[in-house]
Each structure stands twice: as C-alpha cells, then as structure tokens.
Amino acid sequence: MKSVGVVRKIDNLGRVVLPKELRKTFDLPEGTPMEFYVNNNQIILQKYVPGCALCGSVENVQPHKSGKLVCKDCL
1 MKSVGVVRKI DNLGRVVLPK ELRKTFDLPE GTPMEFYVNN NQIILQKYVP GCALCGSVEN
61 VQPHKSGKLV CKDCL
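Residue numbers for the sequence shown follow UniProt numbering, beginning at 1 and rising by one.
The following block contains the structure:
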C-alpha cells in the first residue's frame, strides 16, 4: 500500500475528512456511498458498488420488479 503523506485526525463524531485531491482523483463527489472492510489491523475504505442480490456480481446489474438488484445471468 502506498502512503500519500496526509494525516488526518478523527473528530469527536468519529469522522475523518478525505482530502479534496483524493476525492477528485478517485471520483468521490459529496454523497458517494462508501464501504468499509477490515483486514487484520487495517481499515480499507472503498466506493460502494451494489451487486446482484442472488450471486453478488456487480456486472450487468439491474433493478428487478422485487425491488432488489439482479444481474442478467440470474434472470
């Protein structure tokens, strides 16, 4: 993993601000849903991409009449 040389403090509500340059580089406008992963002693933050409710695939996903997202392979 590569460090970008930026250190931020957690505020009293538990928030951390992502630097504007990182948000711009990774196309993370205000309101972008983010997902957290834990790997040993690391916290990984990633843009949330919803997947198929049946198989988890994130490709060719579309809303189903049930209200859930389903990929074309599972239809």
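Positions of the beta carbon are idealized from the N, C-alpha and C atoms, including for glycine. On a predicted model such as this, the values are computed, not experimentally measured, just so you know.
Going along the chain, which residues of its own chain have a beta-carbon closer than 7 Å to the beta-carbon of residue i, five neighbours each way excluded?
| i | result |
| --- | --- |
| Lys2 | none |
| Cys74 | Cys52, Leu54, Cys55 |
| Val17 | Arg8 |
| Val58 | Val49, Gly51 |
| Val19 | For the sequence presented, residue 19 should be read as Pro rather than Val. Contacts found: Val6. |
If I'm right that residue i touches residue j with Cβ under 8 Å, what's the distance once you round it to whole angstroms?
| i | j | result |
| --- | --- | --- |
| Gly48 | Glu30 | According to the sequence provided, residue 48 is Tyr. The question's Gly does not apply to it. The pair is not a contact, with the Cβ atoms about 15 Å apart (cut-off 8 Å). |
| Leu22 | Val4 | 7 Å |
Could you check what DSSP says for residue i in three-state terms: helix, strand or coil?
| i | result |
| --- | --- |
| Lys2 | coil |
| Cys74 | helix |
| Val58 | coil |
Mind checking residue i: buried by the 16 CB within 10 Å criterion, or exposed?
| i | result |
| --- | --- |
| Val38 | exposed |
| Val61 | buried |
| Val6 | exposed |
| Val70 | buried |
Can you find the residues in the same chain that come closer than 6 Å, C-beta to C-beta, to residue i, ignoring five residues on each side of it along the sequence?
| i | result |
| --- | --- |
| Lys72 | Asn60 |
With a floor of 3 residues, list each beta strand (DSSP E) that falls wholly inside the UniProt domain "SpoVT-AbrB" (5 to 50), ordered by position along the chain. When DSSP assignments are scanned along the UniProt domain "SpoVT-AbrB" (5 to 50), the uninterrupted stretches of beta strand (DSSP E) that are 3 or more residues long and fall wholly within it turn out to be 34 to 39, 42 to 47.
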